[in-house]
Amino acid sequence: MKKNKKVHVVAHSHWDHEWYFTMEDSNILLVRNMDYLLNLLETKESFSSYSFDGQMSVIERYLDIRPENKARVEKLIQNRKLFVGPWYTQTDSLLVKTEAVIRNLLYGYKMGEAFGHSMRIGYSPDIFGQHAYLPAIYKSFNMTHSIFQRGVYNEQVKNDVNFRWLSPDKASIPTNNIFFGYGPGKFLSSEKEYVETRLVPILDRIAAMNEHTDVILLPAGGDQVLARENFPEIIEELNTMDLGYTFVLSDYESFMDEAWQTDFPNEISGELIACQKSRIHNTCRSERYDIKRLNYLVENKIVNILEPLAIIAQKSGLEYPQPWLDLIWKKLFDSHAHNGIGASNSDDANHDIVVRLTSALRMTDDLINLLKKQIAHAVSKKRNDANIALLFNTNPRKTEKVVKLVVFTNEKSFQLTANDEKLNFSIINQEELDGGRKVIVTATGEKEVEIPSYYRTELLLSKQTLPALGYLTVEIKPAIEKSDLLHIVSDQTIENEHVAIHFQNSKISLLNKKTNIEIPDFIRFENVADAGDSFDFSPLPNDETIYIENSELLSVEKNQLFSKMSVRHTATIPSNIEERIAKNRTKNFEIITEMELIYGEEFARIRHIIDNQVSDHRIRALVKTPITNPTYSYADQGYSLLKRSVTSSYLNNWREEGFVEAPVPIFPLENIVAVSEQEKTLALLVGGIKEYEILPETSEVALTLFRSNGLLGKDDLMWRPGRASGINNKVVYTPDGQMLEKMIFEYAIYVQEEAINAQQLFEKSNQFEGHEETYHLQSLNTFEERIERFEIDFPVSKLPEQTSVFEIDNPTIFMSTCKNAWDKNGVIIRLFNPTNQAETLHFKTTLGASSWLVSLAEEKLEEIKNNSLSIPQKGFVTVLLEDK
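Counting in full-length UniProt numbering, the sequence shown runs from 1 upward without gaps.
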């Protein structure tokens, strides 16, 4: 007789907010489901507990409709009958900014604690791969264990599904892999046929993968399921059978506490994106590029601009807009669920995500406009000068760089000064605008008055030293002098002191002028069919790859600080998948590429513009590297670079090894991808592009710009055999997924004569993203910013013309967030060290009376002495600058 093992049966629901259905569908179902669940847990003592997907948003949504049930929900949570948290929503961890993952947990954890308990499990039952830093993030939120489904290889857990999971900074957390997913006990029954043919075989498999414990886990739930009222009785009946297993209705915390009374020898490190047992949907990261790009814009504006700007404003006496930030973040979290940001949804659901993200972007821009205007008004009152512009820097270090500024003037010519010194600048674009008319009410009626025309000038200020986390003031004065205008020239080369780009014979070369590393013909494009669905790209059998290589020069424009080259690539390609199968090509396809060099920058800015009118295809930019046969790539994730092999050892026999998807070496990235050898590195710094592959045979980085397809799910893809993912008994058409629209793709190319240098790559990415914001206080134009034309109050009367509120002294350290503390008792600064050695820093600040190291949950750990602290290699710290 086999050894008796204890089975923890965890009753639960996995709750998707939107997918092939909309959020309205989900919410109406949620209220009915929760009504039923509360009654069940309150009236049936034997139903000991229920887990509701580890997310607090379901509780918030339920109480929006049933506010009278708040006390009932709180009591069940406090008594550990209902388990919620630690997430706000079940976020995808590889498609969003790492800071967004942390904020999602912060909101979920704090809300759960306010209700009485946030589950102490880092619970991710269905997300498409695990972020490398989740162990460290979970630990810093007081979580004791982690449970997830997707991302491990069979070999890694063949003897123990329990293991210690390590992040790049060496933090670790005890973890359980739910190898058979979150639903093996969904239809739990004591019927003889079910027990013999389904239950016992799967328990035997799970038991075999638990060599070091007699305690095993059986998740018993599924998508949008109703609690099974008869589970206690079924478990009683199962315990009367001679099965070699003892069953208990349990919860995830109780299971992990008991299982981990044994310390398991297995360790697994880093990101987990294996697709052997569970699908990862690696190429959903290029699905619906419009959603990825929009999310990137919102995340960066909130974290890099709005929140630190709001801290500067708050220090100046203005109100910190926390309620609005809560609303914006929750719009993001609602869009970050694994199906949501992956865009593997119906067109209706994806439409709602676009609307939600667009709303968040508008609100973010509104708040930035409001704060800038209130600060600038107070500075102008202090100076008695109404015609000023403010240059904001949200980096924690002084920044010396060329700054873009838009000004409005009555005259075509003007000059700029700071601290009574004249500033040099170059004009990128200048246009004369009609002043329009205004209506004046007189005693004889309304009178229309012509307003004189004025000038809008977009310019680049020569290198300015911007104060750390602060601003400086520039004065705009009339002047009669010659401006440095942008001119169209007949050259075929653009250059600054670091980089040169040359066009010749339909090819484009890139040169690092400092090192003489030259890359001839450095950019081309690849076009192939996409015979897949919204979850996964799929090649078309016998498809012909089309390389779009030849280009024509459209224009070259130059001035002292800026140069731009525009080229056009064209090809005739199939207009749809039927033409591809028939080997026909009827559609003219065009890619406009704009390459920009700014004085002082060591990288080239690249912008592709595509008006796509072709269906069922994929476009990748192929960027040639100076590295011969690269074997590894380096991409950022969280607080360091991950090193990845450019080939997969499993690819040749993946079907025989039981992989559910082909393990193609296509990877996600946050902001950086690089290849390197001993003394050469090429890096791409991206803005919203989320997928890459290294092509070692041609020494190219393949950056997926977009793919287009028209089906939610599809059976039997070349790289994903078997059923369609998700809903598989109905064909759901998604014509919006064909991406028949104009799209803009932005990234930068950085070439350096040294081996991989994490500090340098994070610094260049920081520069490319932009941590500067500008504002011209003026009355000529009221439409440049979103709410400029409306009257607002000015709570602060006078402010200095320059300020800095926080500064660090170590260039290898970066700031990932600057915001108000959750408890409103100070300012939170998060800093990280991407290098391979510990780093020490000193900071100076006007924020707070004392400083503390705190957890990600913003709970105090230890006081910081002398404003000095150390950050471990590839690690991060969170600092609280506490008010008195």
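By construction, the Cβ of each residue, glycine as well, lies at the ideal position given by its N, Cα and C atoms.
Of the listed residues M34, L95, D257, I694, nearest to Q224 (C-alpha basis): The shortest C-alpha separation from Q224 is found at M34.
Residue range of the unbroken alpha helix (DSSP H) whose run includes V854: Unbroken run through V854 is the beta strand (DSSP E), 850–854; no alpha helix (DSSP H).
Candidates E590, F589, S575: closest to K583 by CA position: Per the Cα distances, S575.
Cβ neighbours of N867 in the same chain (closer than 7 angstroms, five flanking residues each side left out): The residues are H842, F843, K844, S851.
CB contact flag (A349, I291, <8 angstroms): Their beta carbons are not under 8 angstroms apart, which means A349 does not touch I291 by this criterion.
Close beta carbons around K70, own chain, < 6 angstroms, minus the five adjacent residues each side: In the same chain as K70, and ignoring 5 residues on each side of it, the C-beta atoms closer than 6 angstroms to its own belong to L63, in chain order.
Where the alpha helix (DSSP H) containing A100 begins and where it ends: Bounds of the alpha helix (DSSP H) holding A100 are 98–115.
Anticipated Cβ contact below 8 angstroms, Y20 with V732, distance rounded: About 6 angstroms separates the two Cβ atoms, so the contact holds.
Best match in D491, K564, Y289 for proximity to I353 [C-alpha to C-alpha]: Ranking D491, K564, Y289 by Cα distance to I353 puts Y289 first.
Straight-line Cα distance separating V195 from M1: With a pLDDT of 42 at M1, under the threshold of 50, the modelled position of this residue cannot be trusted; read the value that follows with caution. So the alpha carbons of these two residues sit roughly 17 angstroms apart.
Residue burial classification, Q149 (beta-carbon count within 10 angstroms, cutoff 16): Under this definition Q149 is a buried residue.
Integer-rounded CB distance, given that K401 should sit under 8 angstroms from Y455: Actually they do not touch by this definition, with Cβ atoms about 25 angstroms apart.
Straight-line Cα distance separating I829 from A389: Our two residues, A389 and I829, have alpha carbons roughly 27 angstroms apart in a direct line.
DSSP state of T231 mapped onto helix, strand, coil: The sequence as given places Phe at residue 231; Thr does not occur at that position. The answer is helix: DSSP assigns F231 an H, G or I state.
Alpha-carbon spacing of R644 relative to P665, whole angstroms: Taking the straight line from one Cα to the other gives about 9 angstroms.
Integer-rounded CB distance, given that S189 should sit under 8 angstroms from I234: Indeed they touch by this definition, with Cβ atoms about 6 angstroms apart.
Buried or exposed (CB count within 10 angstroms, at least 16 for buried), P721: Exposed, since its Cβ has fewer than 16 Cβ neighbours within 10 Å.
Beta-carbon separation (whole angstroms), A259 vs T213, contact threshold 8 angstroms: The beta-carbon distance between A259 and T213, rounded to whole angstroms, is 5 angstroms. This is short enough to meet the 8 angstroms contact definition.
With 16 other Cβ atoms within 10 Å as the buried cut-off, status of A782: First, the residue type needs correcting, since residue 782 is Thr and not Ala in the sequence shown. With fewer than 16 other Cβ atoms inside 10 Å of its own Cβ, T782 counts as exposed.
Pairwise C-alpha distance: V303 and Q837: The straight-line gap from Cα to Cα measures roughly 26 angstroms.
Inter-stretch contact at 8 angstroms, needing at least 3 Cβ pairs: the region 677–690 / the region 620–630: Yes, the region 677–690 touches the region 620–630.
Cross-strand partners of G151 (DSSP beta bridge): G151 has A274 as its beta-bridge partners, per DSSP.
CB contact flag (C818, P168, <8 angstroms): No, the Cβ-Cβ distance between C818 and P168 is not below 8 angstroms.
Beta-carbon separation (whole angstroms), Y245 vs V7, contact threshold 8 angstroms: Yes, they are in contact, since the Cβ atoms of Y245 and V7 sit about 5 angstroms apart, within 8 angstroms.
Residue environment, residue 912, which counts as buried when at least 16 other CB atoms sit within 10 Å: Absent from the structure is residue 912, since the part of the chain shown begins at 1 and ends at 884.
Inter-stretch contact at 8 angstroms, needing at least 3 Cβ pairs: the region 364–383 / the region 773–788: Yes, they touch.
Euclidean distance between Cα positions of residue 894 and K874: Since the first and last residues shown for the chain are 1 and 884, residue 894 lies out of range.
Where the alpha helix (DSSP H) through W324 begins and ends: Counting along the chain, the alpha helix (DSSP H) containing W324 begins and ends at 322–336.
Boundaries of the alpha helix (DSSP H) in which P308 is found, first to last residue: Looking at the DSSP string, the run of the alpha helix (DSSP H) that includes P308 is 307–315.
Within the region 390–434, ranges of the beta strand (DSSP E) (whole runs, at least 3 residues): Listed in chain order, the complete beta strand (DSSP E) runs (minimum 3 residues) inside the region 390–434 are 399–409, 414–418, 421–423, 425–433.
Continuous alpha helix (DSSP H) stretch holding P201: start and end: Counting along the chain, the alpha helix (DSSP H) containing P201 begins and ends at 200–208.
Status (buried if at least 16 other CB within 10 Å, exposed otherwise) for E45: Exposed: under 16 other Cβ atoms inside 10 Å.
Paired residues, beta bridge with L370 - DSSP: BP columns for L370 are empty, so no partner.
Counted within 10 angstroms of its Cβ, other Cβ atoms place F790 as buried (16 or more) or exposed: F790 comes out exposed.
Best match in L105, H117, A114, G436 for proximity to L134 [C-alpha to C-alpha]: Nearest C-alpha to L134: L105.
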